[in-house]
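Visitor: Would you mind keeping the following structure in view while I ask a few things?
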Amino acid sequence: MNTQAQPSFASRISIALSALFRALSDADYAARLRDIDLVAAAAPVSAPVSAPLAAPAPAPAPAPVTVPAPVTLRVATPDAALQLLALFQREARLIDFTQENLSAYSDADIGAAARVVHEGCSKVLREHFTIDAVRSEAEGSRVVLEAGFDASAVRLTGNVVGSAPFRGTLSHRGWRASEVRLPKLAEAHDASILAAAEVEL
Numbered sequence: 001m002n003t004q005a006q007p008s009f010a011s012r013i014s015i016a017l018s019a020l021f022r023a024l025s026d027a028d029y030a031a032r033l034r035d036i037d038l039v040a041a042a043a044p045v046s047a048p049v050s051a052p053l054a055a056p057a058p059a060p061a062p063a064p065v066t067v068p069a070p071v072t073l074r075v076a077t078p079d080a081a082l083q084l085l086a087l088f089q090r091e092a093r094l095i096d097f098t099q100e101n102l103s104a105y106s107d108a109d110i111g112a113a114a115r116v117v118h119e120g121c122s123k124v125l126r127e128h129f130t131i132d133a134v135r136s137e138a139e140g141s142r143v144v145l146e147a148g149f150d151a152s153a154v155r156l157t158g159n160v161v162g163s164a165p166f167r168g169t170l171s172h173r174g175w176r177a178s179e180v181r182l183p184k185l186a187e188a189h190d191a192s193i194l195a196a197a198e199v200e201l
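Using the numbering used here, the first residue of the sequence shown is number 1, and each one after it goes up by one.
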């Protein structure tokens, strides 16, 4: 392989003019130039040999993209919620309590009324629901949430960074309704009537 530096453009002009004038004055030189040109034209043109390029490093495989499943929304029928409100009103006067303006009452009066509401609401929950704790550990204990934990049953609070496993303190055990026992409604029952108006005769 010829490793000599290629002549510059100015040098090539000088070489070409010199060869032109010499070919005009020397027939043997002109014949040699013709033979060189014919051989060069007949020879296959080969690309200049260069040092082999290093194979490119394989591109890292793209991380798999997790496409969340589409969320299907379901329409919640209000009848069960209205029925529950009616039960709280019947047993605990909950709606009466929340609709009352409490600014005119003393803390002692409000506390006495709250006790009645509390007892009535507890009765409704005991009779119509079975309620269990989501977590069995005592509140204040340290817990570990492994990867794949149920995010709908456990809510992370505080400084949430990184990925599972998470280690933290159980601040609330959570509640889960494991059974619901609401009474059946008659077909013609108007569930929007939470408490019938009362007329004393």
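Virtual Cβ for every residue (Gly too), placed ideally from N, Cα, C.
Can you look up T98 in the DSSP assignment and give me helix, strand or coil?
Guide: Residue state, collapsed to three classes: helix.
Visitor: If we count the other Cβ atoms within 10 Å of its Cβ and call it buried at 16 or more, is G162 buried or exposed?
Guide: G162 should be labelled exposed.
Visitor: Run the CB neighbour count on L156, radius 10 Å, all protein chains shown included, and call it buried at 16 or more, exposed below.
Guide: Classification for L156: exposed.
Visitor: Would you tell me roughly how many angstroms separate the C-alpha atoms of I110 and R167, rounded to the nearest one?
Guide: Answer to the nearest angstrom: the Cα atoms are 41 Å apart.
Visitor: Can you grab the Cα-Cα spacing for the pair R142 / R74, in whole Å?
Guide: Spanning the two alpha carbons is a distance of roughly 36 Å.
Visitor: Using a 10 Å radius around the Cβ and a threshold of 16 neighbouring Cβ atoms, would you call G120 buried or exposed?
Guide: The residue is buried, with at least 16 neighbouring Cβ atoms inside 10 Å.
Visitor: What's the call for A197, buried or exposed, on a 16-neighbour Cβ count within 10 Å?
Guide: Its Cβ having fewer than 16 others within 10 Å, A197 is exposed.
Visitor: Whose C-alpha, out of D79, P58 and A114, is nearest the C-alpha of L94?
Guide: The candidate whose alpha carbon is nearest that of L94 is A114.
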